[in-house]
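**Q** My structure is below; once you've seen it, I'll send some questions.
Numbering (the numbering used here), first residue to last: 24 to 482.
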C-alpha cells in the first residue's frame with residue numbers, strides 16, 4: 024500500500040515539476056519609451072509629492088466638501104468600483120482552473136440496455152465522488168492567470184483614472200460657477216451705474232442740453248449690461264446642474280460665499296521628471312496592463328496548438344439493488360485522456376498571429392498614451408505660465424480703465440470730453456473686469472488639470 028502511495032506522490036511531483044517549467048510564449052517586458060529628459064517650460068523644484076491631496080492647496084472648505092461628496096456618491100465611480108470587484112472575482116475564478124475539480128455523482132437506471140442489450144430488465148444504482156484535472160503542461164492556464172491579473176489591475180487603474188478625472192471635473196466646474204457668478208456681479212454693478220447715468224442723461228436730453236445721440240448711446244450701454252445679467256445667471260445655473268450630477272445629486276444651487284479673488288493661494292507645482300509619468304499616471308498604467316494581458320494571450324494561443332492532458336477518477340458504490348449499494352464493495356476507476364488538434368486548416372496558427380498583431384497594437388497604444396501624457400504636461404505648463412502673464416496685463420488694464428472711467432466722467436461733466444469718450448472708458452472697464460474673472464478661472468483650472476496630467480498627487 025505504501026509503495027503505491029509513494030509511486031503516486033512521485034508521479035504527481037514529476038507532473039508538477041514539468042508543468043512548472045513549461046510555459047508557452049515570452050514573459051512580459053515593458054517596451055522602451057523615448058521619454059524626454061525634462062518637461063518643456065518646467066521651472067524650480069522637480070520633487071513630486073504623490074500623496075498630497077492637491078485640491079487642499081486652494082484652502083477652500085467648500086471645494087474639499089464637494090470633492091469628498093463626489094468621490095463617495097458619483098454613480099460612474101460606484102459603477103466602476105463594482106466592475107473592479109467583478110474583475111477581482113474573475114481573477115479568483117481563473118486561478119482555480121489550475122486545480123483539480125471534485126464533484127459527486129448519483130445515478131439510478133432500469134432497462135435492458137447498458138452498453139449492451141440483456142434478456143431482461145435490470146437495475147443499476149451508482150453513487151460516488153468524481154475528480155478531474157487538466158494538466159497545465161504548456162502553461163495555458165498560467166498565461167490566462169496573467170491575463171486575468173492584468174485585467175484586474177487594469178480595472179483598478181481605470182477606477183483611479185476615473186476618480187482623478189472626477190476630482191478635476193468637480194474642481195473646474197466649481198471654478199466656472201464662481202467665474203459666472205463673478206461676471207454676473209460685475210454685470211449687475213455695471214448695470215446699476217449705467218442705469219443711474221442714463222437717468223441723468225435723460226434729464227439733460229429733456230432739458231435740451233445734449234443731443235439725442237448721447238441718450239441713445241447711454242441706452243445701448245445699459246442694454247448691454249442688462250443682457251449680460253441673465254446670460255451669466257443661465258451659465259451659472261447650467262454649471263451648477265453639471266456639478267450636482269457629478270456629486271450624484273439632483274440639480275441645485277451652489278451656496279458659497281467664496282469669490283474667485285478670494286482664492287489667492289495658487290501653488291507652484293513640482294512637476295518631477297517625465298519618466299515618472301509612466302509610473303504614476305493611471306491611464307498609462309492601464310494601457311500597460313492591457314499590453315500585459317495581450318502578451319499573455321499569445322502564450323494561450325500557442326498552448327492551444329498542443330495536446331491537452333486530463334486525469335479523471337471515480338470512487339463510490341455501484342449495485343443492481345438499492346439495498347446493497349453501500350455494502351457491495353467499492354467501485355472505482357482512474358483514467359487519463361489526451362486531446363490535441365490535428366488538421367484545423369491553420370486556424371490555431373492564425374490565432375497565434377492574430378494575438379501577436381493585437382499585442383503590437385497594444386504596444387503602439389501604450390506608447391501613444393504615454394506620448395500624449397508628456398504633451399499634456401508640456402501644454403499645461405506653458406498655459407499656466409502665459410495665463411500668469413495675461414493676468415498681470417489684465418490687472419493693469421482694469422486699473423487703468425477704472426481710472427479712465429472716473430476721469431472721463433469728470434471731463435464730461437465739465438464739458439471737456441465727449442460722451443463717446445466716457446462710454447468707451449466704461450466699456451473698457453467692463454470688458455477688462457469680465458476678462459480678469461475669466462482669466463482667473465482659466466488659471467485655477469489649469470493648475471487642476473496639470474495635477475491630473477502629472478498623474479495625481481492625491482490619495
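No residue lacks a Cβ here, since even glycine has one placed at the ideal position from N, Cα and C.
Would you please state the rounded distance, in angstroms, between the beta carbons of residue 181 and residue 150? I believe it to be under 8 angstroms.
**A** That belief does not hold up - the Cβ atoms of residue 181 and residue 150 are roughly 48 angstroms apart, past 8 angstroms.
**Q** Of the choices 435, 395, 455, whose alpha-carbon is the least far from that of residue 422?
**A** 455
**Q** Out of 88, 154, 54, 235, which one is the CA nearest neighbour of residue 357?
**A** 154
**Q** For residue 29, which residues of its own chain have a beta-carbon under 7 angstroms away from its beta-carbon, when the five flanking residues on both sides are left out?
**A** Bear in mind that a pLDDT of 49 at residue 29, under 50, signals an unreliable position, so the model cannot answer this.
**Q** Can you give me the Cβ contacts of residue 171 inside the same chain, cut-off strictly under 7 angstroms, excluding the 5 residues immediately before and after it?
**A** 113, 114, 117
**Q** Would residue 297 and residue 397 qualify as a contact pair, given that the criterion is a beta-carbon distance under 9 angstroms?
**A** Yes. Within cutoff.
**Q** Take residue 176 and list the residues in its own chain whose beta-carbon comes closer than 6 angstroms to its own, dropping the five residues that flank it on each side.
**A** 312
**Q** Exposed or buried, which one is residue 202 when buried takes at least 16 other CB atoms within 10 Å?
**A** buried
**Q** Thinking C-beta only, is residue 332 closer than 9 angstroms to residue 157?
**A** yes
**Q** Just to confirm the assignment, what range does the alpha helix (DSSP H) spanning residue 359 have?
**A** Annotation for residue 359: no alpha helix (DSSP H) segment contains it, though the beta strand (DSSP E) segment containing it runs 353-362.
**Q** Beta-carbon within less than 6 angstroms of residue 3's beta-carbon, same chain only, minus the 5 sequence neighbours each way: which residues are those?
**A** The displayed coordinates of the chain run from 24 to 482. Any statement about residue 3 would go beyond what the structure contains.
**Q** Leaving out five residues before and five after residue 232 in sequence, what residues of the same chain have Cβ atoms less than 8 angstroms from its Cβ?
**A** none
**Q** Sorted by chain position, which residues of the same chain lie with C-beta nearer than 8 angstroms to residue 97's C-beta, five sequence neighbours on each side aside?
**A** The answer, listed in chain order, is 189, 269, 270, 271.
**Q** Please report the residue range of the beta strand (DSSP E) in which residue 162 lies.
**A** Looking at the DSSP string, residue 162 is not in any beta strand (DSSP E), and its letter there is neither H nor E.
**Q** Can you tell me whether residue 441 is buried or exposed? The criterion is at least 16 other CB atoms within 10 Å of its CB, across all chains shown.
**A** exposed
**Q** Is residue 463 helix, strand or coil by DSSP?
**A** helix
**Q** Just to check my reading of the structure: residue 178 and residue 110 have Cβ atoms closer than 8 angstroms, yes? What is that Cβ distance to the nearest angstrom?
**A** A Cβ-Cβ distance of about 4 angstroms is found for the pair residue 178 and residue 110, placing them in contact under the 8 angstroms criterion.
**Q** Using only CA atoms, which one of 466, 89, 80, 78 lies nearest to residue 276?
**A** 89
**Q** What separation, rounded to the nearest whole angstrom, lies between the Cα atoms of residue 367 and residue 325?
**A** 14 angstroms
**Q** What would DSSP say about residue 148, mapped onto helix, strand or coil?
**A** Taken through DSSP and simplified to helix, strand or coil, residue 148 comes out as strand.
**Q** When the Cα atoms are used, what is the spatial distance from residue 255 to residue 58?
**A** Spanning the two alpha carbons is a distance of roughly 43 angstroms.
**Q** Take every Cβ of the region 446-455, pair it with every Cβ of the region 420-434, and state whether three or more of those distances are shorter than 8 angstroms.
**A** yes
**Q** Rounded to the nearest angstrom, what separates residue 459 and residue 289 at their Cα positions?
**A** Rounded to the nearest whole angstrom, the C-alpha separation of residue 459 and residue 289 is 16 angstroms.
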